[in-house]
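full-length UniProt numbering numbers the first residue of the sequence shown as 1 and each following residue consecutively.
C-beta: ideal position from N, C-alpha, C; glycine also.
Here the structure is a predicted model, which means the values were calculated and not measured.
Below is one structure, written out as structure tokens, with a few remarks after it.
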Amino acid sequence: MAEGGDPHPGAARVERRRVRVWFGDHVVADYRAEAELAERYAAAMSRRFAGLRVTSDPVPDHDPGPERKLPGERLWEVAPK
Numbered sequence: 001m002a003e004g005g006d007p008h009p010g011a012a013r014v015e016r017r018r019v020r021v022w023f024g025d026h027v028v029a030d031y032r033a034e035a036e037l038a039e040r041y042a043a044a045m046s047r048r049f050a051g052l053r054v055t056s057d058p059v060p061d062h063d064p065g066p067e068r069k070l071p072g073e074r075l076w077e078v079a080p081k
């Protein structure tokens, strides 16, 4: 392992983000992914749950956490009013 604990020295660091959807003080969705996917997810959740707070925070390098892929199909229909 390289100095500083990086197992892959010289490799490009990929920024990861944690997106959470909040209903008051309760987290109703928690998603971690690379920055681009996380921002897409945050934008989609902001549109879907317009009245709820959506946060996007950097994930520390030492806390990779679980990563779930975005679903390949629509899970619900959203019709504009």
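Along the alpha helix (DSSP H) that carries residue i, what are the first and last residues, could you check?
{"i": "residue 39", "result": "35 to 48"}
What is the rounded straight-line gap between the Cα of residue i and the Cα of residue j?
{"i": "residue 56", "j": "residue 20", "result": "7 Å"}
{"i": "residue 35", "j": "residue 18", "result": "9 Å"}
{"i": "residue 61", "j": "residue 42", "result": "21 Å"}
{"i": "residue 89", "j": "residue 30", "result": "For the chain, the structure presents residues 1 to 81; residue 89 sits outside this window and is missing."}
{"i": "residue 25", "j": "residue 51", "result": "14 Å"}
{"i": "residue 44", "j": "residue 27", "result": "16 Å"}
{"i": "residue 38", "j": "residue 48", "result": "15 Å"}
Just to confirm before moving on: does the CB-CB distance between residue i and residue j stay below 9 Å?
{"i": "residue 46", "j": "residue 59", "result": "no"}
{"i": "residue 16", "j": "residue 33", "result": "yes"}
Please classify residue i: does DSSP put it in a helix, a strand, or coil?
{"i": "residue 25", "result": "coil"}
{"i": "residue 13", "result": "coil"}
{"i": "residue 19", "result": "strand"}
{"i": "residue 30", "result": "strand"}
Please report the residue range of the beta strand (DSSP E) in which residue i lies.
{"i": "residue 54", "result": "53 to 58"}
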